[in-house]
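*Asks:* Chains as they are written, first to last, in the working numbering: chain A, 1 to 499; chain B, 500 to 865.
For glycine and all other residues, C-beta sits at the position ideal for the given N, C-alpha and C.
Mind looking over this structure? Questions follow.
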Amino acid sequence: MSETPIIEMRGIVKLYGGVAAVDDVDFDLRRGEIHSLLGENGAGKSTLTKIMAGAATATRGEMRLDGKPVAFATPAEAMANGVGMVFQENSLVPSMTVAQNLFLGDERFFNRLRPLYIAAQQFLQSLNFNVDPWATVSSLGVAKKQMVEIARAVRQNARVIIFDEPTASLTPEEKHHFFSLIRRLKVDGVSIVFISHALEEALEISDRITVLRDGKLAASDDRAAFDRDRIITCMVGRTLSKDLYRKGEHGARKAREKVLSVQNLSQGKMVRNTSFSIYAGQITGIFGLIGSGRTETARIIAGITKRNFLHGGETRLGSRSVRYRVPREAVRDGIVYVTEDRKLEGFFDTMSIAENIGLNYIAAGLNSGLVVRTGEIVEVAKRWTRQLNVRAISADAKIVELSGGNQQKVVIAKSLAQKPKLIIFDEPTRGVDVSAIAEIHQIIQALADEGLAIVLISSYLPEILNLSDRILVSQKGRIVEEFRPETATEEKIMYAAVH
Amino acid sequence: MIGALSRLLDPLRGAGRHAITVPPMDGALQPNERLEEAPLVCSLASPDALTLSGPTALAASNSKLFAFELDAGAPREVGAFAADIVCAALSQKGELAVGLSDGRVTFRRVDAGAIAPSPLSDLAQFSCPTALAWADDGALFVCEGSQTNPASEWKRDLTERGSSGSVWRVNPGGEAQRLAGDLAYPNGVLALPDGSAIVSESWRSRLIRISADGATDVVVDDLPGYPAGLARRSAGGAWLALFAPRSQLFEFILRERSLREQMMREIDPDCWMAPALRPARSFLEPLQGGALKQLGVMKPWAPSRSYGLVLALDAQMRPEASAHSRANGLRHGVRSLVESDGRLIVASKGGDAVVSLALDARGGFA
């Protein structure tokens, strides 16, 4: 490794409306190293890396690339100098194919499509990403879009690649491939900035770790100087690990009555004759790799998608067979689904918190009288934002102005306002910072303690292991295994999910 | 409107109440090897009609009645009957009621494990007694499985989708009162202190409560097998035996009338695609124990015809725990069971064994 850092930032300040998003931060990135940048939402990680990649300009401070002062005005200028960034927000063109997105900006005047698709396929295969280059981006799920984003950055042969939450929507297997990929890039001399909320990932992959808190530098050191507790202490200024993964105080909760029985449910190739039961007063965790049919099953239950027209199986709510054509019917029966993709499906981002919660409240038919009273809606919104500790200036604040964690709490509040008896949480803590994760976990536990039936779909094994009272494993469209939390291990669950 | 049209299409789509589905064995019914690995009390051919007289257990083997001590259990024959014994119940006063496959319910006196004649007259008005239970007031609950088929023809009754069963209460004076009719093979009964009874209705895979005035309500619905014997549980609730599993294949056959009729007409009943009490012993039966094997374990939703399953029901009659002998096991076809002094004695009719399951201090499986 060279002594001169490839990127060196000194005294970086970035002000938004007089408020410092980044406040006097020093940061350096060495050649061929993986440097994790950690912090809660709003700590300034994304802002600092956007300055690095030319997506934002610093208010004060100096940045050097190869020892020479630089100030990139645009991402294209940064890329021309070998600094690329995989953004947390999706920056792909949805109406174009995967291959077209990969080669976007590199097209010739006349393009032959066949070589382009073949090259795209070979490139994706070399990264072990199972993405169809002919698919339009709008038809892809969150995880596959993220894979295309990563592939695009790698394809541009950048010397510095900044990954902002690259693994948030990847399965453990895909994460394994991704880590292999960035280790390979490191061997090739590429320097990596890695932003993640999953601390275990940062500890596993990093050479050095920098932690930001409230826009300021909290710690920066070699990986060996950190453990999980120290990172959390640096991030939030207190120890959170007990709150973060709080086991049920009396072990697994005892099942109450059976709320839902899914029997031989089928939908195309995604859900194949799957059966399981959900009980009140318990958290039923469902683990599986992407494509294992977890989300599709949940969406059938909630009336968002439909099962097979012929012999699609049965869903029994209590002793009643139900088949919902639209989600509203499920909501009125007390079944709500908290989506895995909150930005696309979770809320109307330009509407206020109160309006968002109010819409769900009205959809559930809970408003009193024929005319919807604004006061009633505001009151409901206030109650839930208070109960879930949504931190916003007011209930009139727009969702887009909130952090990821608070956005997720609003999505949960929207569901709870519908007075459900069964809630399906699909990846509830994806892209949420560490302290908000603890709060969301507490909310989920409290709901189970109150007697609600909870389904927790997650790709994050520690979350499944520590919250669930029962663990179901989904593979190839069906539930293949059930574990009790006291006997489950990550290895057993993964084995069941893969084999 | 759309809902009504949709329901019209249900028979074609296999949806709604025409769905060919079976409930999963998960949660409290999560498969295990408890029943398969339970210590043997004694070996007996097709044991059934298990009752308890102090430390001595009585069990039927075809037409003979055997007694054995629970701790040192070589069975000794204590009685023989003119027909196979289907069910039995012992009152606190020592009256043993025995239901026979010829339809009679007969009585004996039991004293310290010895059998003697009883002054009570036989009950001859039944054709298919399947379960008996004494109430606290000396009345006898009798489950009449079917009016059209004897107990030995239970497979035919199921395949015909029979629902001609009934539950009767025979007062100490001998007069019989029909409490409920049109039942789909009542096959187990537990008398409750308030005069009502919990009855297992096998072909509808449910438990119902029948009150003293004959009103019925469903207690547990949609069980994954065919329920049979019930026994009092000291921790509250009940023990329930399920003698065979439901399978999608058989649920499908039950909905195909012409196929069922042709099967009954042309094929030997032993070879019907129908539940069985015994695990398969013929290589000609490819489905038993087939389907999925994962983690080295045969999955319980394999389309097996026989299975061993005992449920612990809590005070609300909700399944709380279970003991299994899976598709690849032998202790199948459990029809009767009884709790005794910290253990559950189970008669596996298909496994030719009486076994003992240890219970913990809370009355669950140890």
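1. Residues in its own chain within less than 8 angstroms of Ala-392/A by CB, not counting five upstream and five downstream?
2. Starting from Arg-732/B, follow its DSSP beta bridges and name the residues at the other end.
3. For Ala-730/B, which option in Asp-712/B, Ile-844/B, Ser-710/B and Ser-560/B has the closest C-alpha, if you only look at C-alpha atoms?
4. Helix, strand or coil for Gly-788/B per DSSP?
5. Kindly list the residues whose CB is nearer than 8 angstroms to the CB of Gly-593/B, restricted to its own chain and excluding five residues on each side of it in sequence; keep chain order.
6. Which chain B residues are close to Gln-263/A, counting only those with a beta carbon under 8 angstroms from its beta carbon?
7. What would DSSP say about Asn-273/A, mapped onto helix, strand or coil?
8. May I have the straight-line CA-CA distance separating Pro-799/B from Ser-821/B, to the nearest angstrom?
9. Is the beta carbon of Pro-726/B closer than 8 angstroms to that of Leu-748/B?
10. Can you tell me the Cα-Cα spacing of Asn-827/B and Leu-549/B, whole angstroms?
11. Strictly by DSSP, which residues pair up with Cys-642/B?
12. Check whether the Cβ atoms of Ile-464/A and Phe-287/A lie closer than 8 angstroms to each other.
13. Residues in its own chain within less than 6 angstroms of Leu-810/B by CB, not counting five upstream and five downstream?
14. Which residue wins for smallest C-alpha separation from Gly-735/B, given the options Ala-773/B, Asp-583/B, Asp-720/B and Gly-863/B?
15. Determine, using beta-carbon pairs with one atom in the region 757-771 of chain B and one in the region 701-721 of chain B, whether at least three such pairs fall under 8 angstroms.
16. In chain A, which residues lie with their C-beta within 7 angstroms of the C-beta of Pro-514/B?
17. Name the chain A residues whose beta carbon is nearer than 8 angstroms to that of Ala-566/B?
18. Shorter than 8 angstroms from the beta carbon of Ala-527/B to some beta carbon of chain A?
19. Check each residue of the region 713-732 of chain B: if its Cβ is closer than 9 angstroms to any Cβ of chain A, include it; give the result in chain order.
20. Since His-35/A is in the alpha helix (DSSP H), which residue starts that stretch and which ends it?
21. Could you give the first and the last residue of the continuous alpha helix (DSSP H) run that contains Arg-228/A?
22. Alpha carbon to alpha carbon, how far is Lys-414/A from Ala-737/B?
23. My output table needs one value for Thr-385/A: the three-state DSSP class, helix, strand or coil.
24. Which of helix, strand or coil does DSSP assign to Met-1/A?
25. Find out if the Cβ-Cβ distance for the pair Pro-554/B, Glu-568/B is shorter than 8 angstroms.
26. Any Cβ of chain B within less than 8 angstroms of the Cβ of Gly-248/A?
27. What number of angstroms, rounded off, separates the C-alpha of Phe-103/A from the C-alpha of Arg-152/A?
28. If you count every other CB in all the chains shown that lies within 10 Å of the CB of Ile-118/A, and 16 or more means buried, which is it?
29. Should Glu-481/A go down as buried or exposed, given a rule of 16 or more other Cβ atoms within 10 Å for buried?
30. Counting only Cβ pairs nearer than 7 angstroms, list the residues of chain A close to Arg-446/B.
31. Cα separation between Glu-257/A and Arg-316/A?
32. Flag this pair as yes or no: are the beta carbons of Ala-630/B and Gly-687/B separated by less than 8 angstroms?
33. If distances are taken between C-alpha atoms only, which option among Asp-449/A, Pro-5/A, Ala-99/A and Ser-138/A comes closest to Gln-121/A?
34. Taking Cβ positions only, does Tyr-526/A come closer than 8 angstroms to chain B?
35. So, is Ala-573/B buried or exposed, given that buried needs 16 or more other C-beta atoms within 10 angstroms?
36. Would a C-beta distance cut-off of 8 angstroms place Glu-296/A and Val-336/A closer than the cut-off?
*Replies:* Quick answer:
1. Ile-353, Thr-385, Glu-401, Leu-402 and Asn-406
2. DSSP lists no partner for Arg-732/B.
3. Ile-844/B
4. At Gly-788/B the pLDDT is 49, less than 50, meaning the model places this residue with poor confidence; the figure from the coordinates comes in the next sentence. Three-state DSSP puts Gly-788/B in coil, outside helix and strand.
5. Ser-552, Arg-608, Val-609 and Asp-610
6. Ala-518, Thr-520, Val-521, Pro-522 and Pro-523
7. strand
8. Bear in mind that a pLDDT of 47 at Pro-799/B, under 50, signals an unreliable position, so the model cannot answer this.
9. No. Outside cutoff.
10. 25 angstroms
11. Ala-630/B and Val-666/B
12. yes
13. Leu-739, Pro-818 and Ser-821
14. Gly-863/B
15. no
16. Note on identity: in this sequence residue 514/B is Ala, with Pro being the wrong assignment. The contacting residues are Gly-312 and Arg-323.
17. Going along chain A, no residue has its Cβ under 8 angstroms from Ala-566/B, so there is no contact; the nearest lies around 39 angstroms.
18. yes
19. Result list: Val-717, Asp-720 and Asp-721.
20. Careful: His-35/A lies outside any alpha helix (DSSP H), inside the beta strand (DSSP E) at 34-38.
21. 228-236 is the extent of the alpha helix (DSSP H) around Arg-228/A.
22. Going by the C-alpha atoms only, they are around 42 angstroms apart.
23. DSSP, read as helix, strand or coil, puts Thr-385/A in helix.
24. Bear in mind that the predicted position of Met-1/A carries a pLDDT of just 45, short of 50, making it unreliable; the figure below should be weighed with that in mind. In the structure shown, Met-1/A sits in coil (DSSP, three-state: anything other than H, G, I, E or B).
25. Yes.
26. Summary for Gly-248/A: the model assigns pLDDT 49, below 50, so the residue's position carries little reliability; its value from the coordinates is reported in the next sentence. Closer than 8 angstroms: no.
27. 8 angstroms
28. It counts as exposed.
29. Buried.
30. No answer is possible for residue 446/B: the residues shown for chain B start at 500 and end at 865.
31. 13 angstroms
32. yes
33. Ala-99/A
34. The structure shown does not extend to residue 526/A, since chain A is modelled only from 1 to 499, so the question has no answer here.
35. Exposed.
36. no
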